[in-house]
Amino acid sequence: MRKVFKRYHPRAIYNESVIRSKKFTVNFMGGLPLYWIIVFFFRNLHKESINLRASSIAFNLVLSLFPALIFLFTLLPYIPIDNLHQQIMFFLKSLMPASAYETVDTTVTDILAEPRGGLLSFGLLGALWFASNGIFSLMQTFNKRDKRQFWKKRVIAIGLTFALGILLVTIISLFLLTEFSIELLIYYTTISHKLLALLLMGIRWFLLFVLLVGASVILYRLGDRRSEKWRYTFPGAILASILTVITSGLYAFYVDSFANYNRLYGSLGAMIITMLWLYFNSMVLIIGHEFNRALGH
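Numbering (my numbering), first residue to last: 3 to 299.
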């Protein structure tokens, strides 16, 4: 009886777990033991405060969110895809709390009602500059010792902003193509409409996840000058994407069910909800990045 008790004692379980983790290696990253991956991961999070870094990123993302919307929705009329803005709004609605989404929806409605000028207008170029501030902040968080000149980092940030926009339009175009294909199946076959509707919803969520993974991979690979290979960015990108879906869902449930930000702060409530949502997701991006760094050791 005493032997059984010793075997299942918390300290014995911990020691056994440590021994096993030191023997278990991750071949994907050159055979690094799982134990050292975990050690490097938490050491990096502790060395540079994740709270301060997430707060800095969230603040800059709030400042860049609405310029990014202005830039994106000003360009949409030049993209020959029907209902593109509606699908973009659906993807945002799937992730954002209701109050935060209402603020974004109001802004988008104003943008569509009052066009901001041509492709080369100063307002649009200014919107692109401010939209890249969030990406620029992420790059600085990823590269504390980056000694590249300011203009080089800014050009990369603007390029990443463009790349993320192109990725968004590409994913939504794929979904619209899938939706059209399913409509053809409904018209020409006798397959159950409910089954096809479930299939369409599943594809929509799958493409949303692909969008999150793709955006994270681009940020980790091109935003961090120390990153060498694309495949090394996927573990952290997948982790960050899963945590984004979970965090956004839980936060949206909390805000919609329990929080009273609008009652406490009035019209500022929606902005506070948006900033907290960006803060949590900034923290998730940092966790994914530090996970990749731990694997890179």
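Every residue gets a Cβ at the ideal spot worked out from N, C-alpha and C, and that includes glycine.
A quick note: this is a predicted structure, and the numbers were derived from the prediction, not measured.
Q. Hey, does Thr109 have any beta-carbon neighbour from chain D nearer than 8 Å?
A. The chain inventory of the structure shown lacks chain D, comprising one protein chain alone.
Q. Gly225: which of Leu252, Thr143, Val171 sits nearest, CA to CA?
A. Stepping through the sequence shown from its first residue, residue 225 is reached at position 223. Comparing Cα-Cα distances from Gly225 to each of Leu252, Thr143, Val171, the minimum goes to Thr143.
Q.
Tell me the rounded alpha-carbon separation between Ala199 and Ser175.
A. One-based indexing of the sequence shown puts residue 199 at position 197. One-based indexing of the sequence shown puts residue 175 at position 173. In a straight line, the C-alpha of Ala199 is about 18 Å away from that of Ser175.
Q. In or out: Asn135 buried (at least 16 other Cβ within 10 Å) or exposed?
A. By one-based count along the sequence shown, residue 135 stands at place 133. Classification of Asn135: buried, given that the 10 Å Cβ count is 16 or more.
Q. By DSSP, does Gln89 sit in helix, in strand, or in coil?
A. The residue you call residue 89 lines up with position 87 of the sequence shown. Three-state result, Gln89: helix.
**Q.** Host alpha helix (DSSP H) of Pro237 (start-end)
**A.** The sequence position of residue 237 within the sequence shown is 235, counting from 1. Counting along the chain, the alpha helix (DSSP H) containing Pro237 begins and ends at 236-259.
Q. DSSP on Asp84, reduced to helix/strand/coil?
A. The sequence position of residue 84 within the sequence shown is 82, counting from 1. Coil at Asp84, not helix or strand.
**Q.** Phe177 to Asp258 span [Cα, whole Å]
**A.** Looking up residue 177 in the sequence shown gives position 175. Looking up residue 258 in the sequence shown gives position 256. When rounded, the distance between both Cα atoms is 28 Å.
Q) Going by the beta-carbon positions, is the gap between Asn169 and Gly216 smaller than 8 Å? A) As a working note, residue 169 is residue 167 in the sequence shown. As a working note, residue 216 is residue 214 in the sequence shown. The sequence given here has Leu at residue 169, not Asn. Closer than 8 Å, so yes.
Q. When the Cβ atoms of the stretch 243-256 are set against those of the stretch 95-110, are three or more pairs found closer than 8 Å?
A. yes
**Q.** Exposed unless 16 or more other CB atoms sit within 10 angstroms - verdict on Glu306
**A.** Summary: the structure shown does not reach residue 306, with the chain confined to residues 3 through 299, and so no result is reported for it.
Q: Tell me whether Thr76 sits in a helix, a strand or coil according to DSSP, three-state version.
A: Start at 1 with the first residue of the sequence shown, and residue 76 comes out as number 74. Here Thr76 sits in helix by DSSP.
(Q) Whole angstroms are fine: how far does the CA of Ile113 sit from the CA of Asn85? (A) Start at 1 with the first residue of the sequence shown, and residue 85 comes out as number 83. Start at 1 with the first residue of the sequence shown, and residue 113 comes out as number 111. If I take the Cα positions, the gap works out to 16 Å.
Q) Taking Cβ to Cβ, would you say Leu78 is nearer than 8 Å to Thr109? A) For the purposes of this step, residue 78 is taken as residue 76 along the sequence shown, with counting starting at 1. For the purposes of this step, residue 109 is taken as residue 107 along the sequence shown, with counting starting at 1. Not in contact: Leu78 and Thr109 (Cβ atoms no closer than 8 Å).
Q | Distance between Met91 and Phe293 (C-alpha atoms, nearest Å) | A | On the sequence shown, residue 293 is found 291 positions in, with the first residue counted as 1. On the sequence shown, residue 91 is found 89 positions in, with the first residue counted as 1. Rounded to the nearest whole angstrom, the C-alpha separation of Phe293 and Met91 is 31 Å.
Q: Please confirm whether Leu280 and Leu54 have their CB atoms less than 8 Å apart.
A: The residue labelled residue 280 in the question sits at position 278 within the sequence shown. The residue labelled residue 54 in the question sits at position 52 within the sequence shown. Between Leu280 and Leu54, the C-beta spacing is not below 8 Å.
Q. Of all the options Arg150, Leu270, Gly290, which has the alpha carbon lying nearest to the alpha carbon of Ala242?
A. Numbered from 1 along the sequence shown, position 240 holds the residue referred to as residue 242. Closest option to Ala242, Cα to Cα, is Gly290.
Q: Kindly indicate which residue of Tyr190, Glu104, Arg206 has the alpha-carbon position closest to the one of Ala272.
A: Counting from 1 along the sequence shown, the entry for residue 272 is found at position 270. Nearest C-alpha to Ala272: Glu104.
(Q) Am I right that Ile188 and His195 are in contact with their C-beta atoms under 8 Å? What's the rounded C-beta distance? (A) Position 186 of the sequence shown holds residue 188. Position 193 of the sequence shown holds residue 195. At roughly 6 Å, the Cβ-Cβ gap stays under 8 Å, so Ile188 and His195 are in contact.
Q.
Can you find the residues in the same chain that come closer than 7 Å, C-beta to C-beta, to Ile275, ignoring five residues on each side of it along the sequence?
A. By 1-based counting over the sequence shown, the position of residue 275 is 273. These residues qualify, in order along the chain: Pro99, Ser101, Ala102, Val257, Tyr263.
Q: For Ser57, collect the residues of the same chain with a Cβ closer than 7 Å to its Cβ; drop the 5 residues on either side in sequence, then sort them by chain order.
A: Indexing the sequence shown from 1 puts residue 57 at position 55. For Ser57, where only same-chain residues beyond five positions count, the Cβ hits under 7 Å are Tyr281.
Q) Considering only residues of the same chain and omitting the five flanking positions on each side of Leu212, which have a CB-CB separation below 7 Å? A) Counting from one through the sequence shown, the residue named residue 212 turns up at place 210. Looking at the sequence provided, one finds Val at residue 212 rather than Leu. For Val212, where only same-chain residues beyond five positions count, the Cβ hits under 7 Å are Ile173.
Q.
I'd like to know whether the C-beta atoms of Phe73 and Leu126 end up nearer to each other than 8 Å.
A. Here residue 73 refers to the residue found at position 71 when the sequence shown is read from its first residue. Here residue 126 refers to the residue found at position 124 when the sequence shown is read from its first residue. The answer is yes: Cβ separation under 8 Å.
Q.
So, for Met3: in the same chain, excluding its five sequence neighbours on each side, which residues have a beta-carbon less than 8 Å away from its beta-carbon?
A. Against the sequence shown, residue 3 aligns to sequence position 1. The pLDDT assigned to Met3 is 47, lower than 50, so where the model puts this residue is not dependable; a value taken from the coordinates is nonetheless given after this. Cβ neighbours of Met3 beyond the five flanking positions: none.
(Q) Could you tell me the alpha carbon to alpha carbon distance between Ile160 and Thr192, rounded to whole angstroms? (A) Position 158 of the sequence shown, counted from the first residue, corresponds to residue 160. Position 190 of the sequence shown, counted from the first residue, corresponds to residue 192. Approximately 48 Å between the Cα atoms of the pair.
**Q.** Close beta carbons around Thr180, own chain, < 6 Å, minus the five adjacent residues each side
**A.** Taking the first residue of the sequence shown as position 1, residue 180 is located at position 178. By the criterion of a C-beta distance shorter than 6 Å, Thr180 is surrounded in its chain by Ile205, once the five residues flanking it on both sides are discounted.
Q) So, is Asn83 buried or exposed, given that buried needs 16 or more other C-beta atoms within 10 angstroms? A) For this step, residue 83 is matched to residue 81 along the sequence shown. Note that residue 83 corresponds to Ile in the displayed sequence, not to Asn. With fewer than 16 Cβ atoms within 10 Å of its Cβ, Ile83 is classed as exposed.
Q: My understanding is that Leu162 touches Ser218, with C-beta atoms under 8 Å, so please give their C-beta distance in whole angstroms.
A: Along the sequence shown, one-based indexing puts residue 162 at 160. Along the sequence shown, one-based indexing puts residue 218 at 216. Incorrect: roughly 12 Å between the Cβ atoms, too far for contact.
Q: Compare the Cα-Cα distances from Lys146 to each of Ser51, Phe68, Leu278 and report the closest residue.
A: Taking the first residue of the sequence shown as 1, we reach residue 146 at position 144. Nearest C-alpha to Lys146: Ser51.
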